[in-house]
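Residue numbers (UniProt numbering): 1 to 403. Even glycine gets a Cβ: it sits at the ideal position worked out from N, Cα and C. Values in this document were obtained by computation on a predicted structure and should not be read as measured data. All remarks here apply to the structure that follows.
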């Protein structure tokens with residue numbers, strides 16, 4: 001099922017539930033919600049546009065305002081126009097009145113529809129009621145969307161693996177155990193740049209999201225410091241791919257470490273991820289339940305303070321539904337994160353993305369085959385959620401394992 005077909009199906013259900021005539025949203029071409037609705041109209045979709053751009057070529061003006069109406073079958077769009085200087089929402093309201101005549105009724109809109117757009121629609125005789133149908137549609141990812149997130153995650157993996165190569169090849173010198181690479185001091189900024197370059201080579205866009213945190217206490221947030229052996233080094237990046245879908249990874253490594261609390265914390269967070277994946281393979285987990293499960297598993301290894309966990313969806317935004325308070329539905333992609341911050345301020349952090357697929361109408365043969373190869377078992381029941389990690393580097397605390 002295409003993204004547009006999926007969206008229209010969700011809109012039809014929302015219209016039926018709320019007795020609405022259409023779902024309307026207004027925003028700039030840079031907003032994820034507008035891009036989701038317009039950037040990839042199917043070549044055979046029933047759509048009407050006043051915009052001078054061709055949505056089938058994915059050309060949306062990021063500075064222009066677009067007004068969009070979906071009724072479950074057709075897409076009606078008013079964007080930038082050289083022939084009519086009225087606000088796109090005003091033009092859209094006029095076209096809806098032309099279509100339905102005096103039978104103006106209720107329009108479903110996002111809760112955050114711009115005030116001026118709401119006035120134009122209400123002035124044309126429509127009543128407005130908020131609906132989260134667009135957010136619900138975006139939460140459930142199609143197979144194509146999951147592939148695009150996987151592509152971003154592959155680029156993120158390439159970035160962290162490059163960091164692993166550099167850190168594993170670094171030399172340790174002096175009483176302060178400072179790291180050097182190719183004869184020069186190895187700094188957090190050098191590693192960050194190397195991660196970003198590898199992401200770009202792999203077809204991704206770092207978007208300024210890459211950070212390298214080192215040291216203890218407040219020094220963890222110093223922009224550029226010399227890396228040292230024995231200290232936790234956290235590598236984190238959230239790039240997006242050519243189609244605008246995000247991934248997200250975090251790893252903590254220690255060069256020439258001697259064990260200590262970092263080793264125990266690493267074991268705790270890796271076990272927490274396994275436990276959370278098992279919970280996600282059951283019916284009806286919530287974001288809160290998965291976050292609580294991550295924290296409980298870390299506590300089982302003797303940690304009480306400094307535990308941080310996070311679970312949320314990813315897609316056209318690095319953080320989107322499902323969010324805390326939401327139940328986790330089917331066919332979604334989640335970013336899981338767990339960390340332990342030590343008493344000295346150092347941290348051990350892990351973040352990965354996984355897909356949770358339960359759709360019977362759109363089986364994901366790729367995920368099934370990966371799961372079956374891993375377990376050596378027969379295919380799971382179609383009604384049982386299939387949970388599979390997206391591409392990721394080693395979770396080892398050793399830098400050399402990331403290569």
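Considering only DSSP beta bridges, list what residue i is partnered with.
i           : result
residue 386 : 357
residue 303 : DSSP lists no partner for residue 303.
residue 66  : 27
residue 312 : 335
residue 181 : 184
residue 240 : 205 and 246
residue 347 : 341
residue 286 : 327
residue 78  : 67
Give the DSSP-derived three-state secondary structure of residue i in the structure shown.
i           : result
residue 176 : coil
residue 246 : strand
residue 73  : coil
residue 189 : helix
residue 106 : strand
residue 127 : strand
residue 398 : strand
residue 14  : helix
residue 352 : strand
residue 380 : At residue 380 the pLDDT is 45, less than 50, meaning the model places this residue with poor confidence and gives no usable figure here.
residue 22  : strand
residue 171 : strand
residue 252 : strand
residue 233 : strand
residue 213 : strand
residue 200 : helix
residue 40  : coil
residue 403 : coil
residue 145 : helix
residue 228 : strand
Can you round the beta-carbon distance between residue i and residue j to whole angstroms, since I take them to be within the 8 Å contact cut?
i           : j           : result
residue 72  : residue 26  : Wrong, their Cβ atoms sit about 19 Å apart, outside the cutoff.
residue 157 : residue 249 : 7 Å
residue 398 : residue 253 : 7 Å
residue 309 : residue 295 : 5 Å
residue 315 : residue 334 : 11 Å between Cβ atoms; not a contact.
residue 92  : residue 110 : Contact doesn't hold; Cβ gap of about 15 Å is too wide.
residue 96  : residue 23  : 12 Å between Cβ atoms; not a contact.
residue 163 : residue 402 : 7 Å
Could you check if residue i is buried or exposed, using at least 16 other CB atoms within 10 Å of its CB as the buried criterion?
i           : result
residue 323 : exposed
residue 284 : exposed
residue 414 : Beyond the ends of the chain as shown, which are 1 and 403, falls residue 414; an answer cannot be given.
residue 266 : buried
residue 142 : buried
residue 331 : buried
residue 318 : buried
residue 223 : exposed
residue 17  : exposed
residue 83  : exposed
residue 364 : Bear in mind that the predicted position of residue 364 carries a pLDDT of just 44, short of 50, making it unreliable; the figure below should be weighed with that in mind. Buried is the call here.
residue 131 : buried
residue 98  : exposed
residue 35  : buried
residue 20  : buried
residue 346 : buried
residue 30  : exposed
To the nearest angstrom, how far is it from the Cα of residue i to the Cα of residue j?
i           : j           : result
residue 38  : residue 138 : 13 Å
residue 181 : residue 153 : 27 Å
residue 114 : residue 28  : 11 Å
residue 6   : residue 271 : 36 Å
residue 171 : residue 358 : 48 Å
residue 60  : residue 243 : 13 Å
residue 302 : residue 107 : 54 Å
residue 352 : residue 279 : 16 Å
residue 80  : residue 62  : 11 Å
residue 193 : residue 3   : 35 Å
residue 328 : residue 183 : 49 Å
residue 307 : residue 400 : 26 Å
residue 200 : residue 165 : 17 Å
residue 9   : residue 388 : 26 Å
residue 275 : residue 293 : 7 Å
residue 368 : residue 355 : Low confidence applies here, because residue 368 scores a pLDDT of 46, under 50, leaving its location unreliable; read the following figure in that light. Straight-line Cα distance between these residues: approximately 11 Å.
residue 304 : residue 273 : 18 Å
residue 227 : residue 168 : 12 Å
residue 148 : residue 112 : 27 Å
residue 136 : residue 33  : 12 Å
residue 299 : residue 269 : 10 Å
residue 240 : residue 103 : 44 Å
residue 370 : residue 233 : Its pLDDT being 47, under 50, residue 370 is placed unreliably in this model, and the coordinates cannot settle the point.
residue 205 : residue 150 : 14 Å
residue 203 : residue 123 : 47 Å
residue 101 : residue 120 : 16 Å
Shorter than 9 Å from the beta carbon of residue i to some beta carbon of chain D?
i         : result
residue 7 : Note that chain D does not occur in the displayed structure, where there is just one protein chain.
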